[in-house]
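Chemist: Taken in order, these protein sequences are the chains called A and B. All residue numbers for the first sequence refer to the working numbering, where the first residue is 1 and numbers rise by one. All residue numbers for the second sequence refer to the working numbering, where the first residue is 1 and numbers rise by one. Beta carbons: idealized from backbone N, C-alpha and C, even for Gly.
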Amino acid sequence: MSDAAPAATAPPPPSSPPKTRGSLFRKYVLLFSSIVGAALLANGAVEVWFLYRDHTELLLRVQREQAEAAATKIGQFVKEIEGQLGWTTQLPWSAGALDQRRFDALRLLRQVPAVTELTQIDAAGKERLKVSRLAMDVINSQNDLSQEPRFTQAVARRTFHGPVYFRRESEPYMTLAVAGTRRDAGVSAAEVNLKFIWDVVSQIKVGNGGRAYVVDAQGRLIAHPDISLVLRNTDFASLAQVQAARAGGQSPERALSTEDFQGHKVLAAYAPIAPLGWWVFAELPLDEAYAPLIDSIKRTGLVLLLGIVGAILAALFLARRMVVPIRALQAGAARIGAGELGARVEVKTGDELEALADQFNTMSTELRDSREREERVGRLRRFLSPQLAEVIESTGADTMLESHRREVSVVFCDMRGFTAFAESAEPEQVMAVLHEYHAALGELIHKFEGTLERFVGDGVLILFNDPIPCPNPSERAVRMAVEMQVAIAFLAAKWRALGYELGFGIGITHGYATMGRIGFEGRFDYSAIGSVVNLAARLCGEAQDGQILIDNAVHAAVAPLVECDEPSDITLKGIRRPVRAFNVRHLKALAAE
Amino acid sequence: MPVVGLLSSRSSGDSAALVAAFRDGLAEVGYSEGRSVAIEYRWADGEYGRLPGLAAELAALRVAVIAAVGGPVSALAAKTAAGTIPIVFVGLGNPVALGLVASLNRPGGTVTGITPFSRELEAKRLELLRELVPDARLIGVLVKTSNSDSEAQSRDLQQAARTLGLQLLVLGADSDSDIDAAFTALVQRRAAALVVAADPFFGSRHEQIVALAARHSLPAIYTFRHFAAAGGLVSYGTSITGVYRQVGIYTGRILKGEKPGDLPVLQPTTFELVINLKTAKALGLTVPLPLLGLADEVIE
Numbered sequence: 001m002s003d004a005a006p007a008a009t010a011p012p013p014p015s016s017p018p019k020t021r022g023s024l025f026r027k028y029v030l031l032f033s034s035i036v037g038a039a040l041l042a043n044g045a046v047e048v049w050f051l052y053r054d055h056t057e058l059l060l061r062v063q064r065e066q067a068e069a070a071a072t073k074i075g076q077f078v079k080e081i082e083g084q085l086g087w088t089t090q091l092p093w094s095a096g097a098l099d100q101r102r103f104d105a106l107r108l109l110r111q112v113p114a115v116t117e118l119t120q121i122d123a124a125g126k127e128r129l130k131v132s133r134l135a136m137d138v139i140n141s142q143n144d145l146s147q148e149p150r151f152t153q154a155v156a157r158r159t160f161h162g163p164v165y166f167r168r169e170s171e172p173y174m175t176l177a178v179a180g181t182r183r184d185a186g187v188s189a190a191e192v193n194l195k196f197i198w199d200v201v202s203q204i205k206v207g208n209g210g211r212a213y214v215v216d217a218q219g220r221l222i223a224h225p226d227i228s229l230v231l232r233n234t235d236f237a238s239l240a241q242v243q244a245a246r247a248g249g250q251s252p253e254r255a256l257s258t259e260d261f262q263g264h265k266v267l268a269a270y271a272p273i274a275p276l277g278w279w280v281f282a283e284l285p286l287d288e289a290y291a292p293l294i295d296s297i298k299r300t301g302l303v304l305l306l307g308i309v310g311a312i313l314a315a316l317f318l319a320r321r322m323v324v325p326i327r328a329l330q331a332g333a334a335r336i337g338a339g340e341l342g343a344r345v346e347v348k349t350g351d352e353l354e355a356l357a358d359q360f361n362t363m364s365t366e367l368r369d370s371r372e373r374e375e376r377v378g379r380l381r382r383f384l385s386p387q388l389a390e391v392i393e394s395t396g397a398d399t400m401l402e403s404h405r406r407e408v409s410v411v412f413c414d415m416r417g418f419t420a421f422a423e424s425a426e427p428e429q430v431m432a433v434l435h436e437y438h439a440a441l442g443e444l445i446h447k448f449e450g451t452l453e454r455f456v457g458d459g460v461l462i463l464f465n466d467p468i469p470c471p472n473p474s475e476r477a478v479r480m481a482v483e484m485q486v487a488i489a490f491l492a493a494k495w496r497a498l499g500y501e502l503g504f505g506i507g508i509t510h511g512y513a514t515m516g517r518i519g520f521e522g523r524f525d526y527s528a529i530g531s532v533v534n535l536a537a538r539l540c541g542e543a544q545d546g547q548i549l550i551d552n553a554v555h556a557a558v559a560p561l562v563e564c565d566e567p568s569d570i571t572l573k574g575i576r577r578p579v580r581a582f583n584v585r586h587l588k589a590l591a592a593e
Numbered sequence: 001m002p003v004v005g006l007l008s009s010r011s012s013g014d015s016a017a018l019v020a021a022f023r024d025g026l027a028e029v030g031y032s033e034g035r036s037v038a039i040e041y042r043w044a045d046g047e048y049g050r051l052p053g054l055a056a057e058l059a060a061l062r063v064a065v066i067a068a069v070g071g072p073v074s075a076l077a078a079k080t081a082a083g084t085i086p087i088v089f090v091g092l093g094n095p096v097a098l099g100l101v102a103s104l105n106r107p108g109g110t111v112t113g114i115t116p117f118s119r120e121l122e123a124k125r126l127e128l129l130r131e132l133v134p135d136a137r138l139i140g141v142l143v144k145t146s147n148s149d150s151e152a153q154s155r156d157l158q159q160a161a162r163t164l165g166l167q168l169l170v171l172g173a174d175s176d177s178d179i180d181a182a183f184t185a186l187v188q189r190r191a192a193a194l195v196v197a198a199d200p201f202f203g204s205r206h207e208q209i210v211a212l213a214a215r216h217s218l219p220a221i222y223t224f225r226h227f228a229a230a231g232g233l234v235s236y237g238t239s240i241t242g243v244y245r246q247v248g249i250y251t252g253r254i255l256k257g258e259k260p261g262d263l264p265v266l267q268p269t270t271f272e273l274v275i276n277l278k279t280a281k282a283l284g285l286t287v288p289l290p291l292l293g294l295a296d297e298v299i300e
């Protein structure tokens, strides 16, 4: 699928891995299969190269041997005729009758079918005898042949090889002359039919489509299986193999890959025909020469292909082993990202990937636990100071919020004259005053680690020793109350400047109360219930501006620390017996420290 | 299966060895009769007048190649009738002068063939005959009047006779009765020996001629081996079976797609001298040693 997928297609489900450029899977498959493929390719190429070299060498050696064998045959053919001619030049012309010589000449014709005509020339260059298969014999014509090359060259070099010529346009002939060893023996010149060479050449089988042929020293074709080429006097001098033969003739290879006269690619080997300066060539078409090689290359190619396919399959398998767990991890991470904490990933590969998945699972579990703790702490923060909430959370005491009964110190405080103020002032002014008031109180509640039970308008209820037990809850309550009075007095001065007549009173009690969650699913509160709470509210109601009223239990706990007014027994609404209350004047500074 | 026409001026009876050689030639290039090639035979039995009709028959059959054997008459008849059908001929004489081919090297057209060196050998035959009959002064020559080469044959022989100091009695023959008449003339004129010139007609009448020569005790030289084999004194010429074999090879090569115009007209240069010693003895002749030494075959 291309990246340019139609816009209409649905977005991928969140669990599917996001598309990335070049997946790991593809990279692995490509890398692995290209490495294995390259190795196989290199191996195949080396093998084919050596095969090619050995094969070519073998073929060329065979061809060279064929060419050499043909060259030897042709050389022997010429040498034999020269030898036979030599016999006819043994005797000096002074001795022996012409009849005897004619007899010898006829016998030579009989013995050497290739010789069509034999001329004997005396030492002076006069034709003395001519016997022929075609024409009548001529005896002692005394024709002067002393200027002809067959006489002069033979006398000079003992043997003479004339150029190849064609009788009646189609019969290849060559003049071969031999001079006698004695000065007066003269010269025997034979017209030699070269059809024999044609036979030798046409009998050479070079493979199925190959051929052998002979060229003379000038590169002219002398013998070829296609006789018409010879008869047309074809010049092969321009062929690379002929040039190589004529130029560097004796180089040991005597073989090359080139083109034949028709432009077909051939393997050519050659050998010299020693006595004549001619060359025998053996040529094999490259198609045929390399047919077995090409078969072998095809086989190698097939093996290569199978190898590469195998490599790709192996790569697919390995990459799959690698990528499937990675995708599982990716999907797991995506699930966590989508909020599904505690998502688990199953990887059973028994290697680092499994270890990674285990770690992932551990992390996921811890994330879930952490999130749950966060939620718990969030719930607690409403009631407790942050540090206290953390302490509760770390102890894992969710049960602290369950209903229970405990001895607590209860602080209730509210403002004097707030109702009147709230009625007369603008709501914004009321909210501003409340904000400053709560901020000042909240800071102190945190400082003394009290538990803010609830706000009721300007009224604030604070507990000590619950849900976290603390030492000296009453002392803390009183110390906090004293600081509160100071803080609110400071605020009250400011408010007074604004024209707001507001005061602040506090009631503190100590005793047993029942604590726990009240409310319903979705809106729970932590609440204290009991007479001690009501008493604190009543005492607060009785307290004048700047007063801190404490009951007997509190007084008993803090008496050494505070200076109090004389206690007064107060009759409170809803409480049958009068309650003894103490107004805290101030802390005993030095003694308290 | 391709069909090849064989047009011969001879008769099938005296051509068995030649036809076998022709088949050998075809086989050499991969065609065997009945399996990969069919051969239509047309024999004129020496009656040259029938050749054009026979050639037309082969042309009507649309054969792939016509092998026209038994002299230029056969080749010329074939060429007239064949149109574009390739022809392989065996012809004594000069095929260029006869208009069969443009040149020996490159015939050019649809005709090629083999031309045995027979005519050129007439003088050589006269010389050989004289070796056997050294005392002869008048020598008879039998030529076929209707043979286009006969005049050239006579001219060559006359020239050779002058060199050798001989007289010639040239007698023409176109039919069996002519041959009989010629022998009667030879006997009457006391000719000492006879040269039978090259012609397929004589070839097909070799038994008649050899018998007449024996009856009249006339030493004679012939062209082909089968004369000597039949009792003729001596023969000198091309191996005719070799020639027919080559015709078969050329026919096969043309069947394979080669153009006759590219196949040079071949001129065999191997000659066989066959001497029948039995006949020589009957005639009371002594064969000189050099001649015996030169003989390729001696029949005893």
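(1) Run through chain A and tell me which residues come within less than 9 Å of B/Arg106, C-beta to C-beta.
(2) For B/Pro134, return the contacting residues in chain A, with the cut-off set at a CB-CB distance below 8 Å.
(3) Give the secondary structure of B/Gln153 by DSSP, where H, G and I count as helix, E and B as strand, and everything else as coil.
(4) Which same chain residues, not among the five before or five after B/Pro319, have their C-beta less than 6 Å away from its C-beta?
(5) What are the boundary residues of the beta strand (DSSP E) that B/Leu121 is part of?
(6) Checking contacts by CB at 8 Å: is A/Met136 closer than that to chain E?
(7) Over what stretch of residues does the alpha helix (DSSP H) that includes B/Thr80 continue unbroken?
(8) Nearest-angstrom Cα distance between B/Ile249 and B/Ala185?
(9) Give the residues of chain A in contact with B/Leu263, contact being defined as C-beta atoms less than 7 Å apart.
(10) Shorter than 8 Å from the beta carbon of B/Leu277 to some beta carbon of chain A?
(11) Pull up the DSSP beta-bridge partners for A/Cys564, would you.
(12) Compare the Cα-Cα distances from B/Gly99 to each of B/Ala123, B/Pro72, B/Val141 and report the closest residue.
(13) Residues of chain A with a CB under 7 Å from the CB of B/Lys124: which are they?
(14) Roughly how far, in whole angstroms, is the beta-carbon of B/Thr140 from the beta-carbon of B/Leu169, given that I think they are within contact range, below 8 Å?
(15) DSSP three-state call for A/Trp495: helix, strand or coil?
(16) In angstroms, rounded to a whole number, what distance separates the CA positions of A/Leu284 and A/Val36?
(17) According to DSSP, simplified to helix, strand and coil, what is A/Glu354?
(18) From the DSSP output, in three-state form, read off A/Asp525 for me.
(19) Is the distance from the Cβ of A/Gly530 to the Cβ of A/Cys413 below 8 Å?
(20) Helix, strand or coil, according to DSSP, for A/Asp545 in the structure here?
(21) Short of 8 Å Cβ to Cβ, which residues in the region 98-111 of chain A face chain B?
(22) Who are the near neighbours of B/Leu218 in its chain, counting only those whose CB is closer than 6 Å to its CB and skipping five residues on each side?
(23) For A/Asp144, which residues in the same chain have their Cβ closer than 7 Å to its Cβ, ignoring the five residues on either side in sequence?
(24) Tell me the residue span of the beta strand (DSSP E) that contains A/Pro163.
(25) Measure the beta-carbon distance from A/Leu60 to A/Leu293 and round it to whole angstroms, keeping in mind my assumption that it falls under 8 Å.
(26) For B/Glu272, would you say it is in contact with chain A, using Cβ-to-Cβ distances shorter than 8 Å as the test?
(27) With distance defined between alpha-carbon atoms, name the residue in A/Gln153, A/Gly301, A/Trp198, A/Gln66 nearest to A/Glu171.
(28) Looking only at its chain, what residues have a beta carbon closer than 8 Å to the beta carbon of A/Lys265, apart from the 5 residues adjacent to it on each side?
(29) Quick one, which residues of the region 264-283 of chain A are near chain B if we go by CB-CB under 9 Å, in chain order?
(30) With DSSP run on the structure shown, which of helix, strand or coil describes A/Ala135?
(31) Among A/Gln243, A/Gly519, A/His586, A/Leu572, which has the Cα closest to the Cα of A/Glu542?
(32) What does DSSP give as the partner residue(s) for A/Gly507 in the beta ladder?
(33) Counting C-beta neighbours from all protein chains within 10 Å, is the total for A/Trp49 16 or more, i.e. buried, or is it exposed?
(34) Please list, in chain order, the chain A residues whose beta carbon lies closer than 7 Å to that of B/Glu127.
(35) Which one or two residues does DSSP pair with A/Val532 in a beta bridge?
(36) When you compare the CB of A/Glu171 with every CB in chain B, is at least one pair closer than 8 Å?
Modeler: Straight from the coordinates:
(1) As a working mapping, residue 106 of chain B is identified with position 106 in the second sequence. Ordered by position in chain A, the residues that pass the 9 Å Cβ test against B/Arg106 are Ser228, Leu231, Arg232.
(2) Along the second sequence, one-based indexing puts residue 134 of chain B at 134. Here the premise fails: no neighbours, minimum Cβ distance about 13 Å.
(3) Numbered from its first residue, the second sequence carries residue 153 of chain B at position 153. Judged by DSSP in its simplified three-state form, B/Gln153 adopts helix.
(4) It is not possible to answer for residue 319 of chain B, since the shown part of chain B is limited to 1 through 300.
(5) Locating residue 121 of chain B in the second sequence gives position 121, counting from the first residue. That residue, B/Leu121, is in no beta strand (DSSP E); it is neither H nor E in DSSP.
(6) The structure shown contains no chain E; its protein chains are A and B.
(7) Numbered from its first residue, the second sequence carries residue 80 of chain B at position 80. Taken as a continuous stretch (DSSP letters only), the alpha helix (DSSP H) holding B/Thr80 covers 72-82.
(8) Counting from 1 along the second sequence, the entry for residue 249 of chain B is found at position 249. Counting from 1 along the second sequence, the entry for residue 185 of chain B is found at position 185. Their Cα atoms are separated by approximately 43 Å.
(9) For this step, residue 263 of chain B is matched to residue 263 along the second sequence. Close to B/Leu263, with beta-carbon spacing below 7 Å, are these residues of chain A in chain order: Ser228.
(10) Locating residue 277 of chain B in the second sequence gives position 277, where the first residue counts as 1. With 8 Å as the cut-off, B/Leu277 does not count as an interface residue toward chain A.
(11) Along the first sequence, one-based indexing puts residue 564 of chain A at 564. DSSP lists A/Val584 as partners of A/Cys564.
(12) The sequence position of residue 99 of chain B within the second sequence is 99, counting from 1. Minimum Cα distance to B/Gly99 is reached at B/Pro72.
(13) If you number the second sequence from 1, residue 124 of chain B lands on position 124. Ordered by position in chain A, the residues that pass the 7 Å Cβ test against B/Lys124 are Leu134, Ala135, Met136.
(14) Within the second sequence, residue 140 of chain B is the residue found at index 140, counting from 1. Within the second sequence, residue 169 of chain B is the residue found at index 169, counting from 1. Sequence check: residue 140 of chain B is Gly here, not Thr. Beta-carbon to beta-carbon, B/Gly140 and B/Leu169 are separated by about 5 Å, close enough to satisfy the 8 Å threshold.
(15) The residue labelled residue 495 of chain A in the question sits at position 495 within the first sequence. If DSSP states are grouped into helix, strand and coil, A/Trp495 belongs with the helices.
(16) Stepping through the first sequence from its first residue, residue 284 of chain A is reached at position 284. Stepping through the first sequence from its first residue, residue 36 of chain A is reached at position 36. Roughly 38 Å separates the two Cα atoms.
(17) The residue labelled residue 354 of chain A in the question sits at position 354 within the first sequence. The three-state secondary structure of A/Glu354, taken from DSSP, is helix.
(18) Here residue 525 of chain A refers to the residue found at position 525 of the first sequence. Shown here, A/Asp525 sits in a strand according to DSSP, grouped into three states.
(19) Indexing the first sequence from 1 puts residue 530 of chain A at position 530. Indexing the first sequence from 1 puts residue 413 of chain A at position 413. Not a contact, by the Cβ cut-off of 8 Å.
(20) As a first step, residue 545 of chain A is located in the first sequence; it is residue number 545 there, counting from the start. Residue state, collapsed to three classes: coil.
(21) From the region 98-111 of chain A, only Arg102, Phe103, Leu106, Arg107, Leu109, Arg110 have a Cβ closer than 8 Å to chain B.
(22) The count along the second sequence starts at 1 and reaches residue 218 of chain B at position 218. Contacts found: Leu194.
(23) The residue given as residue 144 of chain A occupies position 144 in the first sequence. Take A/Asp144, set aside five residues on each side of it, and the residues of its chain with a beta-carbon closer than 7 Å to its own are Gly125, Lys126, in chain order.
(24) Numbered from its first residue, the first sequence carries residue 163 of chain A at position 163. A/Pro163 -> beta strand (DSSP E) spans 159-167.
(25) Here the question's residue 60 of chain A lines up with position 60 in the first sequence. Here the question's residue 293 of chain A lines up with position 293 in the first sequence. Contact doesn't hold; Cβ gap of about 13 Å is too wide.
(26) To locate residue 272 of chain B, count along the second sequence from 1; it is residue 272. Taking CB atoms only, B/Glu272 has no neighbour in chain A less than 8 Å away.
(27) For the purposes of this step, residue 171 of chain A is identified with residue 171 of the first sequence, where counting begins at 1. Its Cα nearest to that of A/Glu171, the residue A/Trp198 stands out among A/Gln153, A/Gly301, A/Trp198, A/Gln66.
(28) Within the first sequence, residue 265 of chain A is the residue found at index 265, counting from 1. So the qualifying residues of the chain are Ser257, Thr258, Glu259, Pro285, Leu286, Asp287.
(29) Correct list: empty, as no residue qualifies.
(30) One-based indexing of the first sequence puts residue 135 of chain A at position 135. Correct three-state label for A/Ala135: coil.
(31) Walking along the first sequence from the start, residue 542 of chain A turns up at place 542. Among A/Gln243, A/Gly519, A/His586, A/Leu572, the Cα nearest to that of A/Glu542 is on A/Leu572.
(32) Here residue 507 of chain A refers to the residue found at position 507 of the first sequence. A/Phe412, A/Leu549, per the DSSP bridge assignment.
(33) Residue 49 of chain A sits at position 49 when you count from the first residue of the first sequence. A/Trp49 comes out exposed.
(34) For this step, residue 127 of chain B is matched to residue 127 along the second sequence. The contacting residues are Met136, Asp137.
(35) As a first step, residue 532 of chain A must be located in the first sequence, where it is residue number 532. Per DSSP, none; premise fails for A/Val532.
(36) Your numbering for residue 171 of chain A matches position 171 in the first sequence. Contacts with chain B at 8 Å (Cβ-Cβ) include A/Glu171.
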